[in-house]
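A.B. asks: Counting from 12, one number per residue, gives the positions in the sequence shown under our numbering. For glycine and all other residues, C-beta sits at the position ideal for the given N, C-alpha and C. These numbers were taken from a predicted model, which means no experiment stands behind them.
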Amino acid sequence: MKLGIYGGTFNPPHLGHLAAARFALEALELDELRFVPAAAPPHKALPAGSPGPAERLAMTQLAADSLLLPGQVDVSDMEIARPGKSYTADTLRQLRRQYPDARLWLLMGTDMFLTLHQWREPEVITALAGVCTFARAASDSLAALDAQAARLEKDFGAATRVLRLPHVVEVSSTQLRALLAKGEGQDCLAPAVYGYIIRRGLYGVHWDLKHLPDRELRACSYSMIRAKRIAHVQGTEEEAARLARRWGADEEKARRSAILHDCTKYLTMEEQLQLCAKYGIVLDDLERQAVKLLHAKTGACVARDVYGVSDDMYSAIFWHTTARADMTLLEKILYIADYMEPTRDFPGVERLRKLAYEDLDAAVCLGCEMSIEEMHQRGLPVHPNTVKARDWLRSRPIGKEP
Numbered sequence: 012m013k014l015g016i017y018g019g020t021f022n023p024p025h026l027g028h029l030a031a032a033r034f035a036l037e038a039l040e041l042d043e044l045r046f047v048p049a050a051a052p053p054h055k056a057l058p059a060g061s062p063g064p065a066e067r068l069a070m071t072q073l074a075a076d077s078l079l080l081p082g083q084v085d086v087s088d089m090e091i092a093r094p095g096k097s098y099t100a101d102t103l104r105q106l107r108r109q110y111p112d113a114r115l116w117l118l119m120g121t122d123m124f125l126t127l128h129q130w131r132e133p134e135v136i137t138a139l140a141g142v143c144t145f146a147r148a149a150s151d152s153l154a155a156l157d158a159q160a161a162r163l164e165k166d167f168g169a170a171t172r173v174l175r176l177p178h179v180v181e182v183s184s185t186q187l188r189a190l191l192a193k194g195e196g197q198d199c200l201a202p203a204v205y206g207y208i209i210r211r212g213l214y215g216v217h218w219d220l221k222h223l224p225d226r227e228l229r230a231c232s233y234s235m236i237r238a239k240r241i242a243h244v245q246g247t248e249e250e251a252a253r254l255a256r257r258w259g260a261d262e263e264k265a266r267r268s269a270i271l272h273d274c275t276k277y278l279t280m281e282e283q284l285q286l287c288a289k290y291g292i293v294l295d296d297l298e299r300q301a302v303k304l305l306h307a308k309t310g311a312c313v314a315r316d317v318y319g320v321s322d323d324m325y326s327a328i329f330w331h332t333t334a335r336a337d338m339t340l341l342e343k344i345l346y347i348a349d350y351m352e353p354t355r356d357f358p359g360v361e362r363l364r365k366l367a368y369e370d371l372d373a374a375v376c377l378g379c380e381m382s383i384e385e386m387h388q389r390g391l392p393v394h395p396n397t398v399k400a401r402d403w404l405r406s407r408p409i410g411k412e413p
């Protein structure tokens, strides 16, 4: 196995780190790549006001997840969990014990590469791993990097690689911190990382969470879910906005409800129940057993409490999973948008999409019927509110406007 180790303070992790990681995966033919945030870097003190190790770890996890390479790209907390300064030689020793047969590659930026001979135990580092750096042709001296590679090979017998990045992200973490403090630099971050920074108020970024612009609201939402879910949330937002235009609903409310509708989707049952207790959510017997039913309710509460959504948006999020009798127009729109958004692929979805723009009540009714049938086929209980929603919609006059 070839394992790449990408260490650093990641203060914050930015698109340059991600571009380098993706390029290294291919260029070095790595089987796996692991980001390893340092707890206490030995070569420099972290700038005053920097996030703590746990926050930098969380941001790095969000950045790595954004690559959508599960099983291949991961994040390790080994240096953060280890007391004292984060010496690379100690990290590589630990990894060698864990993976005795792996071919290790240590990945680093050019500044670190040019000073590697001055690190603690460079002979151990180069004995345990090959060393790879990334050259940004627009700003780095290729001659200096090649000379350092030759030096490391001569003095330590090191295996080295200098990779010329084809797509350069010309920003450093130092520059990015300064940009963020001025309200700039967002485009240099994965949206989920930017959202985490907003939520935690890091790097001098201060937003009123109850009055966020759409871009910042999206970023916060994406920071609360897994990257693989983002396409679904984006699709639901787009569909909800189109349906709102078709049926005369408030498009901005439909859009923002969709942005937040899955914000608690990935919480554990314990975390969901804690939020239910916090917000006084009363659960029925089925909901106490089915974690998938809880995110709509807890998500609605978080959307209102943290992000200040209106009561009708709260209600749309609250009922987007089960539906209910006597639904409002916004509730119908979010329910069916979530059900049929463009990434959904199941038998009957095209019929549902067509119907939603012809007869919204009929489409929501069909969605309830399909959900009930699916639960029956899987041998799972159907929530009573879905049955009530179906029966209520069936009782509506045919062709009635929603």
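1. Rank A160, L174, Q285 and M12 by C-alpha distance to the C-alpha of A113 and give the top, closest one.
2. Quick one: what's got a C-beta closer than 8 Å to I344's C-beta in the same chain, skipping five residues either side?
3. Using only the alpha-carbon positions, how far apart do Y98 and I16 sit?
4. With contact counted as at least three CB pairs below 8 Å, one residue from each stretch, are the segment 159-172 and the segment 183-203 in contact?
5. Is D322 near T339, with beta carbons less than 8 Å apart?
6. From this set, P53, S61 and G390, which residue's C-alpha is nearest R211's C-alpha?
7. Could you tell me the boundaries of the alpha helix (DSSP H) in which D85 lies?
8. Look at T275 and A334 and say whether their C-beta atoms are less than 8 Å apart.
9. Would you kindly report the start and end of the unbroken alpha helix (DSSP H) that includes M89?
10. Compare the C-alpha of V86 against each of I383, C143 and P24 and name the closest.
11. Tell me where the beta strand (DSSP E) around R253 begins and ends.
12. Which residues in the same chain as L68 place their Cβ atom closer than 6 Å to its Cβ, once the five residues preceding and following it in sequence are excluded?
13. Using only the alpha-carbon positions, how far apart do F167 and R240 sit?
14. Compute the beta-carbon to beta-carbon distance between R267 and L228, rounded to the nearest angstrom, for a pair I have assumed lies under 8 Å.
15. Around the C-beta of D157, are 16 or more other C-beta atoms found within 10 angstroms, so that it is buried, or is it exposed?
16. Using the three-state DSSP reduction, which class does Y17 fall into: helix, strand or coil?
17. Could you tell me which residues DSSP pairs with H47 in its beta bridges?
18. I'd like the list of long-range same chain contacts for A336, defined as Cβ closer than 8 Å, with 5 residues on each side in sequence excluded.
19. Go to W116, then tell me how far its beta strand (DSSP E) extends in each direction, as first and last residue.
C.D. replies: Result, derived from the coordinates:
1. Comparing Cα positions, the closest option is M12.
2. For I344, where only same-chain residues beyond five positions count, the Cβ hits under 8 Å are A251, L254, A255, W258, A260, A265, A327 and L371.
3. Roughly 13 Å between the two C-alpha positions.
4. Taking 8 Å as the limit for Cβ pairs, the verdict is that the segment 183-203 does not touch the segment 159-172.
5. Against a cut-off of 8 Å, the Cβ pair of T339 and D322 comes out as no contact.
6. Closest option to R211, Cα to Cα, is S61.
7. Annotation: D85 is outside any alpha helix (DSSP H); the continuous beta strand (DSSP E) that includes it extends over V84 to V86.
8. For T275 and A334, no; Cβs fall outside 8 Å.
9. For M89, the uninterrupted alpha helix (DSSP H) segment begins and ends at M89 to A92.
10. Closest option to V86, Cα to Cα, is P24.
11. First-last for R253: A238 to W258, but that is the alpha helix (DSSP H), not the beta strand (DSSP E).
12. Take L68, set aside five residues on each side of it, and the residues of its chain with a beta-carbon closer than 6 Å to its own are P48, D88 and I91, in chain order.
13. In a straight line, the C-alpha of F167 is about 46 Å away from that of R240.
14. Indeed they touch by this definition, with Cβ atoms about 6 Å apart.
15. Exposed, since its Cβ has fewer than 16 Cβ neighbours within 10 Å.
16. Looking at Y17 - three-state DSSP - the assignment turns out to be strand.
17. Checking the displayed sequence, the identity of residue 47 turns out to be Val instead of His. DSSP lists G18 as partners of V47.
18. The residues are N396, K399, A400, D402 and W403.
19. R114 to M119 is the extent of the beta strand (DSSP E) around W116.
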